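Encoded as structure tokens, the structure appears first; notes follow it.
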Amino acid sequence: MLRSIIFANGVLTNPQSLAGSLKPDDFLAAADGGLRHLLALGLFPDVLIGDLDSVTPEQLKTLTARKTEIIQHPARKDETDLELALLCAVERGATEILVYGALGARWDMSLGNILLLTHPRLRIANIRLVDGNQEVRLLAEGETLTLGGLPGDTVSLLPLGGDAVGVTTRGLEYALANERLKFGFTRGLSNVLQTNSAKISLKKGLLCVVKEGAEIGKGRVG
2 MLRSIIFANG
12 VLTNPQSLAG
22 SLKPDDFLAA
32 ADGGLRHLLA
42 LGLFPDVLIG
52 DLDSVTPEQL
62 KTLTARKTEI
72 IQHPARKDET
82 DLELALLCAV
92 ERGATEILVY
102 GALGARWDMS
112 LGNILLLTHP
122 RLRIANIRLV
132 DGNQEVRLLA
142 EGETLTLGGL
152 PGDTVSLLPL
162 GGDAVGVTTR
172 GLEYALANER
182 LKFGFTRGLS
192 NVLQTNSAKI
202 SLKKGLLCVV
212 KEGAEIGKGR
222 VG
């Protein structure tokens with residue numbers, strides 16, 4: 002199973018905490034200006050992708066000297082640099098993708114990045130957007146998510162694009178049993194993890210799952 006770590010050009014909360022979570026065999030990708038986050042950590046990407054409008058000549062020279070793969074796209078394009086990086090990772094076989102620097106700063110970009118989780122070509126991978134002690138992921142119809150963490154962690158369930166039907170939870174303080182979460186309503190906000198793991202299943206629709214807690218990155222979709 003290939004795991005890819007993508008750095009986008011947004012806000013990176015508590016960057017020094019990332020070093021211990023990276024693995025030697027991770028496929029590191031920089032989405033344009035996300036390169037600065039990698040370099041600040043003393044790391045170099047396996048691939049740099051985007052229109053490169055946020056990459057300095059000095060940075061480009063350094064990567065060229067290291068023979069880093071650079072995929073440059075025209076500035077006038079239909080996709081954001083992060084979308085291109087995600088598609089690149091999936092095309093190369095990534096089944097798990099962590100994205101850093103995709104949230105904060107510009108709300109249009111943050112919302113667009115969250116909605117990228119619904120991209121049909123990206124649904125074959127388990128993608129999480131990570132910002133400090135928070136992570137965002139998607140749960141699609143027919144799926145069950147086993148979510149790890151610590152008691153007291155906050156878990157929010159937000160329907161996307163319509164109602165989420167047949168939502169069932171185990172291990173959360175406010176239990177749901179085959180219930181409907183209505184699109185545009187806030188019923189699913191601020192639930193609480195009661196144990197070290199919880200299960201969330203969905204029969205129909207899409208759920209944006211947001212977890213806030215000390216332990217990030219634990220969980221699997223099945």
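For the sequence shown, the numbering used here gives the first residue as 2, with consecutive numbering after it.
Note that CB positions come from ideal geometry on N, CA and C, so glycine has one too.
Source: prediction; values computed, not measured.
DSSP beta-bridge partners of residue i
i: N192; result: V156
i: C209; result: L139, L159
i: Q73; result: G51
i: L3; result: A95
i: L29; result: I6
i: A199; result: L148
CA nearest to the CA of residue i, picked from the options
i: K204; options: K183, Y175, V91, G143; result: G143
i: V168; options: Q195, C209, D132, R129; result: C209
i: I226; options: R171, V137, V211; result: No answer is possible for residue 226: it lies beyond the span of the chain, which begins at 2 and ends at 223.
i: G133; options: L3, I7, L13, A9; result: L13
i: A30; options: L112, T119, I71, E59; result: I71
i: T187; options: L61, L161, F28, A215; result: L161
i: L3; options: R93, S157, N197; result: R93
i: V48; options: A41, T57, L42, L61; result: L61
i: N179; options: V156, D54, E136, T145; result: T145
i: L151; options: L42, V193, L19; result: V193
i: G43; options: L19, D54, T65, A103; result: L19
i: T69; options: L87, F28, V100; result: F28
i: P121; options: L88, Q195, G189; result: L88
i: G185; options: L158, Y175, A176; result: L158
i: V100; options: G153, L39, L64; result: L39
i: L148; options: K24, G102, A199, A86; result: A199
Residue-level contact to chain C via CB, residue i, 9 Å cutoff
i: A106; result: Absent here is chain C; the protein component of the structure consists of one chain.
8 Å CB neighbourhood of residue i in its chain, flanking five on each side removed
i: R181; result: D164, A165, V166, G167, V168
i: D52; result: D33, Q73, H74, P75, A76, K78, D82
i: A106; result: G11, V12
i: V56; result: D33, G34, L36, L49
i: T196; result: P152, G172
Classification of residue i by the beta-carbon crowding that lies within 10 angstroms, buried from 16 upward
i: P46; result: buried
i: N10; result: buried
i: K212; result: buried
i: A215; result: exposed
i: S5; result: buried
i: E84; result: buried
i: N114; result: buried
i: A41; result: exposed
i: R124; result: exposed
i: S189; result: The question names Ser, but residue 189 is Gly in the sequence shown. Its Cβ being crowded by 16 or more others within 10 Å, G189 is buried.
i: D154; result: buried
Beta-carbon contacts of residue i that lie in its chain and below 7 Å, excluding the five residues immediately before and after
i: R67; result: F45
i: A126; result: V91, A95, T96, E97, I98
i: T119; result: L139, L161, L207
i: L177; result: V168, T169, T170
i: P16; result: H38, A41, L42
Any non-hydrogen atom of the ligand SAM closer than 8 Å to residue i Cβ
i: V156; result: Inclusion of the ligand SAM in the displayed structure is not the case, the ligand content being empty and no account of it being possible.
Neighbourhood of residue i by C-beta distance below 6 Å, restricted to the same chain and skipping five residues each side
i: S111; result: L104
Where in the region 98-182 do unbroken runs of the alpha helix (DSSP H), each at least 4 residues long, occur, reported from the N-terminal end onward? 108-116
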